[in-house]
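Each residue of the sequence shown is one higher than the one before, starting from 11 at the first, in the numbering used here.
For reference, the structure is listed below as structure tokens.
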Amino acid sequence: MAAKVSTIGQLLLLVLVALSAHVVDYSSSSLHGNETDRSSLLGFKDATSLEPHQAFMSWKDSTHFCNWEGVLCRMKAPRRVTSLNLTSQGLVGHISPLLGNLTFLQSLILTDNTLTGEIPPSLGHLRRLQTLRLNNNMLQGRLPSFANCSNLRVLDVSVNNLVGRIPVDLPTRHLQVLQVSANNLTGTIPTSLGNITKLTTISFSFNHITGYIPNELAHLSNLQYMYASVNQLVGRFPQAILNLSTLVGLDIVLNGLSGEVPPNLCTSLPNLQILVLGGNFFRGHIPSSFTNASSLNDIDLSGNNFTGLVPATIGKLTKLSWLNLERNQLQAQNKQEWVFLDSLGNCTELQMFSMSWNRLSGDVPSSLGNLSSQLQRLYMGMAQNQLSGDFPSGIANLRNLIVVSLGGNHFTGVVPGWIGTLKTLQQIGLHTNSFTGVIPSSLSKSRLGGLYMFSNQLTGHIPPSFGNFSMLQYLGIFNNHLHGGVPMEIFRIPTIFQIVLSFNNLDGKLPSNIGNAKQLVNLVLSSNKLSGDIPSTLGNCESLEDVELDSNIFSLSTL
């Protein structure tokens with residue numbers, strides 16, 4: 011019996027020893043893991059040379075690293091780092107390769123700092139990584155391989171200085187967001203992107219990507235946003251895009267794409283909200299199918315070779331807020347061809363409308379005044395447009411206008427006094443027309459920052475009330491028939507930096523208070539009839555860089 015008890019005791023002892031050994035091993039493993047994470051974080055801190063917002067103030071030995079600012083850990087033991095987020099901390103330095111030892115890391119966000127150097131290849135070993143945002147830094151070198159990051163869902167390295175190609179071995183299983191815009195990437199769009207079928211967003215704008223948009227992208231059945239603007243893409247409108255019925259935003263502005271836009275574009279893409287095709291070589295008519303995408307709120311077709319008429323059904327796009335059709339060859343010469351403007355009155359959310367640099371002619375219909383009360387920017391000027399008649403009366407109804415641009419047409423008559431009642435107006439461009447009469451003094455009641463009335467047939471004086479401007483920066487009334495003196499009041503405008511009044515009939519002496527214009531950079535008064543002494547106070551204009559006073563009759567002693 012004693013022997014049996016002894017044997018049981020020995021067995022119990024062995025079990026206790028085994029359990030003890032197991033506990034020690036577990037503790038040792040836990041401690042090792044914690045120390046690895048802690049030293050990796052400290053390695054990142056050491057690679058940072060500047061922290062203006064004191065992001066690392068809490069990164070002390072007396073505080074567990076799971077409580078450090080920007081650090082999150084999982085709750086169960088052993089505590090391991092799952093997230094590092096130090097957004098907008100102004101950090102200067104490098105990304106330490108030791109972050110690749112944070113093997114439980116799921117999210118690394120270092121957005122909006124001033125980090126330089128290369129992206130460490132060790133980050134490509136983080137198999138649990140789901141979100142990597144390194145955008146808005148100054149990172150260099152090539153984008154390393156993330157093929158082993160099989161759980162990666164978001165990869166954002168936009169707005170850096172990266173070079174090389176878009177990797178062909180991106181993880182295909184879970185990746186949803188790929189943003190590499192605003193770098194110096196070259197090469198072509200990898201056909202392998204077509205294998206990443208969960209992609210919802212592709213953005214590689216503002217790079218040097220060349221070649222065609224590959225047909226393989228037609229397999230991206232979940233794609234919602236495709237941004238490829240400002241590259242060197244060529245070829246006709248990519249047919250692959252017509253298969254992407256889920257597409258919400260398409261931006262391929264400023265490339266070398268050509269040919270006609272498919273007539274069924276917006277029938278195939280009924281969910282479109284953003285359509286930006288500007289700055290290419292597209293030609294032909296604007297497809298009437300555009301009105302099938304009833305959710306469109308942003309259309310930019312500028313800088314192409316579109317011809318013909320604006321679709322008369324444009325008013326079906328009731329959610330439209332931005333319509334940029336400038337720099338094409340669109341025409342509107344008679345009442346029937348201006349019908350689109352009547353229709354556009356149904357777009358009650360419209361904020362920007364541009365038809366500059368087209369082939370518009372004749373009087374502007376009064377239906378212009380039926381455009382949305384939310385309209386802030388109206389551009390109908392320049393080059394091939396030949397609009398005529400009096401100042402468009404419909405503008406008086408558009409009470410929230412910030413910018414009015416009618417320059418480079420053949421408008422005649424006087425500039426109406428009611429223009430000054432548009433309290434939100436910040437810029438008005440009436441230059442290079444045939445406006446007559448005097449400059450309305452009521453303009454000084456607005457919040458104008460730029461007044462462009464040069465190259466007309468304006469007469470009378472420069473209104474002294476212009477001294478009431480509080481935000482005016484540019485005053486350009488040159489090449490008219492103005493007479494009288496240069497009003498002293500305009501040199502009291504606190505924001506004025508450019509005054510161009512040349513090629514008029516201004517006379518008299520320059521005001522002695524000219525030195526009060528501390529912000530003035532350019533003063534151009536040449537080719538007038540100004541006389542007397544040039545005020546010595548001109549030397550008090552601290553910012554003045556360019557002064558042109560030639561072709562006047564100033565006293566010889568001051569020249």
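We treat Cβ as the ideally placed atom computed from N, Cα and C, and that holds for glycine.
In this text the structure is predicted, and so the values were computed from the model without any measurement.
Pull up the DSSP beta-bridge partners for Met236, would you.
Ile212, Leu260
Looking at C-alpha atoms only, which residue of Ser202, Thr207, Thr182, Ser213 is the closest neighbour of Val190?
Ser213
In chain order, each beta strand (DSSP E) run of at least 3 residues that lies wholly inside the segment 96–153
102–104, 117–119, 124–126, 141–143
Starting from Leu333 and walking both ways along the beta strand (DSSP E), at which residues does that stretch end?
332–334
Can you grab the Cα-Cα spacing for the pair Ser383 / Phe445, in whole Å?
26 Å
How is Ala228 classed by DSSP in three states: helix, strand or coil?
helix
At the level of alpha carbons, what is the spacing between Pro402 and Ile438?
13 Å
Tell me the rounded alpha-carbon separation between Leu306 and Leu285.
8 Å
Taking the alpha-carbon positions, what's the Ile500 to Gly477 distance?
5 Å
Suppose you measure from the CA of Leu144 to the CA of Gly174; what does that come to, to the nearest Å?
17 Å
Near Ser565, which residues of its chain fall below 7 Å by C-beta distance, leaving aside the five closest residues on each side in sequence?
Gly542, Asp543
Work out the CA separation of Leu112 and Gly43 for me, nearest whole Å.
Legend: pLDDT at Gly43 = 45, less than 50; position of this residue unreliable, no value from coordinates given.
Going by other Cβ atoms of all chains shown within 10 Å of its Cβ, with 16 needed for buried, is Pro273 buried or exposed?
exposed
I'd like to know whether the C-beta atoms of Leu115 and Val91 end up nearer to each other than 8 Å.
yes
If you draw a straight line from the alpha carbon of Cys551 to that of Lys528, how long is it in whole angstroms?
5 Å
Let me know the beta strand (DSSP E) ranges lying completely inside the segment 51–78, each 3 residues or longer, listed in chain order.
58–60
Name the DSSP beta bridge partners of His493, please?
Asn515
Mind checking which residues open and close the beta strand (DSSP E) that includes Thr277?
First-last for Thr277: 275–278, but that is the alpha helix (DSSP H), not the beta strand (DSSP E).
Backbone CA spacing between Ile262 and Pro200 [nearest angstrom]:
17 Å
Determine the DSSP secondary structure at Ser37, reduced to helix, strand or coil.
In this prediction, Ser37 scores a pLDDT of 34, lower than 50, which makes its location untrustworthy; no coordinate-derived value is stated.
Distance check for Leu139 and Pro130, CA to CA, integer angstroms please.
14 Å
Own chain, CB closer than 6 Å to Val453, minus 5 neighbours either side, in chain order
The question names Val, but residue 453 is Leu in the sequence shown. Excluding positions up to five away in sequence, the list reads Gly430.
Is the beta carbon of Val258 less than 8 Å from the beta carbon of Asn281?
yes
For Ala192 and Asn523, what's the separation of their Cα atoms in angstroms?
48 Å
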